[in-house]
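Chain order of the listed sequences is W and P. When we follow this note's numbering, the leftmost residue of the first sequence carries the number 3, and every step to the right adds one. When we follow this note's numbering, the leftmost residue of the second sequence carries the number 51, and every step to the right adds one. Think of the CB as a built atom: it goes at the ideal place given N, C-alpha and C, for glycine as much as any other residue.
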Amino acid sequence: MIVASAANVLVWIVWVVAAFACLGTGIAVISFSNPFYSALSLIGNLASLAVMYLLLSAEFVAAAQVLVYAGAVMVMFLFVIAYLGGRADAPWAGGPSWQALGAVAASAALFVEVIVVIGLKTSGRLSDSADIESSFGRPYEIGRLFLTDHLLAFEITSIVLLVAAVGGVILGSHSRDAPTAETQQ
Amino acid sequence: MRGPDIVWYLCVAAFLFCTGALGVLIRRSPLIVLLSLEIMLNGANLALIAFARHYGQGDGQIFALTVMAVAASEVVVGLGLIVAIARRRLDLDVDKLSTLRG
Chain W
3 MIVASAANVL
13 VWIVWVVAAF
23 ACLGTGIAVI
33 SFSNPFYSAL
43 SLIGNLASLA
53 VMYLLLSAEF
63 VAAAQVLVYA
73 GAVMVMFLFV
83 IAYLGGRADA
93 PWAGGPSWQA
103 LGAVAASAAL
113 FVEVIVVIGL
123 KTSGRLSDSA
133 DIESSFGRPY
143 EIGRLFLTDH
153 LLAFEITSIV
163 LLVAAVGGVI
173 LGSHSRDAPT
183 AETQQ
Chain P
51 MRGPDIVWYL
61 CVAAFLFCTG
71 ALGVLIRRSP
81 LIVLLSLEIM
91 LNGANLALIA
101 FARHYGQGDG
111 QIFALTVMAV
121 AASEVVVGLG
131 LIVAIARRRL
141 DLDVDKLSTL
151 RG
């Protein structure tokens, strides 16, 4: 009993650290004026999210999160930021200040709405989670679901990735007669 | 190993989503708009995985992995657009890219 409650406290501590790291780095992403620091904060955000996925016993998704997001996608971001150099820096807020105020009010209202809906609709019903088997979240189970119940999603994902790769090549290919800002104006 | 209830994960997911939405609305650099979009997608992913754990079924994790693949595709196309904009020496500012405005 004592061991169980100690483990519970440990899980809570890990969760609180991961959640606050998640929220703090999320705010840091949108408040740095240098995109390089924003991208680095997003890596921290994705890593703390991976910790929360582990707490939710989604081991394979946590590994994929670190490999795909924090690894591949963020390296691509950092390459583009380095390619753009100083031109990537942008002023902090756009437009007149009433636009920024409206944006803050809109997202705060969205947050309050979601929290109220969570509180109204789920009060008490989300307290006891279902018991899970030991295979839950393991690569075996994920692969079994992907190749049996969700085969269509798997195939469509491959087509989406192929289309995105072709689109990236087309967007990145250099066309010599592309109009520049000088020729357009 | 009990840990916090699913409701707490949902609150973190909602906060992440709203943070990302605020970033999309308030920032002008298309790079940071893309980064904020990633935050929104990850907030949705966290809610999906929390519900998958709550109901003890793996379908939510499958959906989260699909969202990850779609996010990777979106980053490829978005960064390709940003590089194309930068190569044409246009300003990297979403407020000034208004040629298609009706």
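Nearest-angstrom Cβ-Cβ length linking residue i and residue j, presumed shorter than 8 Å
i       : j       : result
A94(P)  : V70(W)  : Going by Cβ atoms, the distance from A94(P) to V70(W) rounds to 16 Å, so no, they are not a contact pair.
V127(P) : A166(W) : 6 Å
Cβ pair residue i, residue j closer than 8 Å
i       : j       : result
A60(W)  : A97(P)  : no
L48(W)  : I112(P) : no
L131(P) : G28(W)  : no
A41(W)  : L80(W)  : yes
I89(P)  : T69(P)  : yes
P37(W)  : I76(P)  : no
L128(W) : I135(P) : no
G106(P) : D130(W) : no
Chain W contact residues for residue i, given Cβ-Cβ distances below 9 Å
i      : result
L66(P) : C24, L25, G28, N47 and L51
Proximity test, Cβ basis, 8 Å: residue i and chain W
i       : result
A71(P)  : yes
R103(P) : yes
M118(P) : yes
L129(P) : yes
L150(P) : no
A15(P)  : Here chain P has residues from 51 to 152 only, and residue 15(P) is not among them.
Chain P residues whose Cβ lies nearer than 8 Å to that of residue i
i      : result
W17(W) : G53, P54 and W58
Residue i versus residue j: straight-line alpha-carbon distance, rounded
i       : j       : result
A71(P)  : G170(W) : 25 Å
G73(P)  : E135(W) : 39 Å
L91(P)  : V117(P) : 7 Å
Q187(W) : L140(P) : With a pLDDT of 47 at Q187(W), under the threshold of 50, the modelled position of this residue cannot be trusted; read the value that follows with caution. Using only the alpha carbons, I get a separation of about 11 Å.
G154(P) : W58(P)  : Since the first and last residues shown for chain P are 51 and 152, residue 154(P) lies out of range.
C61(P)  : V13(W)  : 18 Å
T150(W) : E143(W) : 11 Å
A63(P)  : T124(W) : 15 Å
R137(P) : S137(W) : 49 Å
V168(W) : G53(P)  : 44 Å
G124(P) : V82(W)  : Looking at the sequence shown, residue 124(P) is not Gly but Glu. So the two alpha carbons sit approximately 15 Å from each other.
V53(W)  : S160(W) : 27 Å
S33(W)  : S79(P)  : 12 Å
V5(W)   : V18(W)  : 20 Å
Residue i: contacting residues in chain P (beta-carbon distance under 7 Å)
i       : result
E143(W) : G108
A66(W)  : L115 and M118
V70(W)  : M118 and A122
Residue-level contact to chain P via CB, residue i, 8 Å cutoff
i       : result
W14(W)  : yes
Q187(W) : Low local confidence applies: a pLDDT of 47 at Q187(W) is under 50, so the model's placement there is unreliable, with the coordinate-based value given in what follows. Q187(W) does not count as touching chain P.
G73(W)  : no
T124(W) : yes
I134(W) : yes
8 Å Cβ cut-off: residues of chain W touching residue i
i      : result
S86(P) : V31 and I32
Chain A within 8 Å of residue i, Cβ atoms only
i       : result
A100(P) : Absent here is chain A; the protein component of the structure consists of chains W and P.
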